[in-house]
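Per my numbering: the first sequence = residues 21 to 581.
Take a look at the structure below.
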Amino acid sequence: MVRRQSELFLPTLRDDPADADAASHRLLVRAGMIRQVSAGLWSFLPAGWRVHERIVQIVREEMDAIGGQEMSMPVLTPIELWEKTARDGIPELFRLNDRAGRRYVLAMTHEETVTFHFSELGSYRDLPKILYHFQTKGRDEPRSRGGLLRVREFVMKDAYTFDRDEAGLDASFQKHARAYEKVFDRCELEVFAVQAESGMMGGSESIDYLAPSGSGENTLVTCANGDYAADLEVARGIPRSPTFPERLEGPEEIATPGIGTIDELAGFLGIDPAATSKAMPVTRDDGTVVLSLIRGDDRLEEAKLAAALGSGFRLSTEDEIRAAFGADPGSLGPVGFRGEVIADDMLREGQFVAGANRTGWHLRGVEQGRDFTARFADIRQPVEGDGCPACGGRLGFQTAIEVGHIFKLGTTYSTPLGATFLDEDGVEQPVLMGSYGIGPGRIMAASVEQRHDEHGIVWPRSIAPYDAHVLALHGSAPEVLDPAVEVADLLAGGGLEVLLDDRAQRPGEKFADADLLGVPIRITVGKKTLDDGAVDVRLRATGSDDRIPRETVLNWIEEIE
RNA sequence: CGGAGCGUAGCGCAGUUGGUAGCGCGCUUGGUUUGGGACCAAGAGGUCGAGAGUUCGAAUCUCUCCGCUCCGACCA
């Protein structure tokens, strides 16, 4: 197909939009692909939608390849379904009423709906199944940002699997993991598959797909050796070993007047900050105060603590702290504390300085087991340069975008929604489910983040808005436009999607717009070369130029592929 | 929801002690141009985010509200 640029709705901008920070935000807006309607609400303009739909098609093909069946479920969902799974209280749910006062939500995901439908099946003979759809999701995000990076309404491909047993669920899960790898390969997107938190989805196992990016919401932790990749929230790093002072037979009180921070404490005592401990009291949702304890030079990873506690929590208030410890924050420690202590694994070995639970006093030589007992877990946040848990190499951090996430849900949804089947023995069993999401808009943004230069976007062929961009310099002049149309038709006849810049604009503006839009192959038709019957072809990715006879352009393109 | 900032033409911005709104880009018309965002000339385009107040007079001062951005909290 040939699209004439003079007809295309493609409002490119010469300047960056004022509030755009992320490269993808900046360039997608400038290239005339997306426009903002309101906070977190974006329209895709024609060229941008073509990219989106090409990604959608790749996802569709890979889903179909693993036996997925495409369907469609409504965005508007009666709230009763969400009440059954106790997800009606999620703050991100958009809620609304119809004229009769019936209550609805805008689906933020479709586990409830798909499981509701699945209940119509009832036999082990119906299993397994893979159902999926592309549908708009609504999420009342407290803070949308960065163009397409985090939005309040977006299209997601969500797939759901139904299996009779763990082995089946595992097989379904692995199929999706492989399909996702293929999707990202085909989109030429660099993506790391990492273990992740299951968050509000529940379930046992999940894999997050993170695309390294100049801008994003996740921090990807990787080892240079390629042995390890994880999201910062679950990553495990091995910090340096502390330099401990001489061992003491028992804890020894020491006055530390006015000292509140670890740096002050370590400086005052003349010791390694890593030989101190930091006490961070938190209050569980049920109101009990728990003491979380980490090494003095570490930071608490709240996601890990939440997982270890198995409940929500918040930092304790000063009043709660005084009531529980009888001391001010800054002098707290595990020795003598009557409540639960959860300590970081790094405190298992050695003697540390800890607060004495007496304002202005600390204890030296505190060791676990002898002086206090605690439950140990990995609750520290890794830092760059930590040792890799797999190989001992150095860990590095990268900003990343979450482009997909797959979950083993088990019976989390099937039980409350009554999705069961009868096995061969006529026994009713809950079906085991998995759920698998991928965001085409985020893939689009991540691709731009990974592939752009100072002039604009550099799309991979697979998801580019067009395969080839034919520029007719002196566009309105028939002696140039006619051969340009010929070239465009030739390419289209060879199966390419072609954008023909037939506008009357000056050459420089056409080149600049072409660079911005980022179509992989550019063919320039101008007076300069037409005398020789030639055109110039340039690859956006490499900037390489070739001058070739215009009738052989298609062969040239086939050759380079 | 906390902190910071910004709302003036399609986009990017200026507007001093309050006196009735401007610049660049873009757009329209005519002309000269045309291989990396041309030039000349003539034009069109604004409830100055909204409301209330102070004032003879408000883009400008006061109050309230709304919207948007960034940081944090949050995040299937």
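Beta carbons are placed, not taken as given, at the ideal position from N, Cα and C, and that holds for glycine.
According to DSSP, M453 shares a beta bridge with F182 and G430. Runs of beta strand (DSSP E) with 3 or more residues, each lying fully within the region 509-534, are found at 518-521, listed in chain order. The three-state secondary structure of Y248, taken from DSSP, is coil.
Contact check for R542 and H489: beta-carbon distance about 5 Å, within the 8 Å limit, so the pair qualifies. For S192, the three-state secondary structure derived from DSSP is helix.
Rounded to the nearest whole angstrom, the C-alpha separation of G346 and A363 is 20 Å. Here V76 has F154, V175, K177 and P460 as same chain residues with Cβ atoms under 8 Å from its own Cβ, once five neighbours each way along the sequence are excluded. Between D391 and P271, the C-beta spacing is below 7 Å. Counting only unbroken stretches of 4 or more residues, the alpha helix (DSSP H) elements lying wholly within the region 280-357 are 282-289, 322-329 and 338-345, in sequence order.
In its chain, beyond the 5 residues on either side, K195 and A199 have a beta carbon closer than 6 Å to the beta carbon of I86. In this structure, the CA atom of M91 is about 11 Å from the CA atom of H137. Around the beta carbon of D551, a 10 Å sphere encloses fewer than 16 other beta carbons of the protein chains shown; the residue is thus reported as exposed. For N575, the three-state secondary structure derived from DSSP is helix. From the listed residues E340, L48, C243 and G280, the smallest Cα separation to T379 is found for G280. Secondary structure note for F136: its alpha helix (DSSP H) is the uninterrupted segment E131 to F138. Listed as beta-bridge partners of W62 by DSSP are Q56. Rounded to the nearest whole angstrom, the C-alpha separation of T435 and A127 is 20 Å. Ranked by Cα distance from K547, the options L491, E112 and G167 are led by L491. Here Q418 carries a strand assignment [DSSP, helix/strand/coil].
Rounded to whole angstroms, the gap between the alpha carbons of V57 and S63 is 7 Å.
Contact check between the region 325-334 and the region 347-354: fewer than three CB pairs, one atom from each, fall below 8 Å, which does not count as touching.
For H425, the beta-bridge partners assigned by DSSP are D228 and G457.
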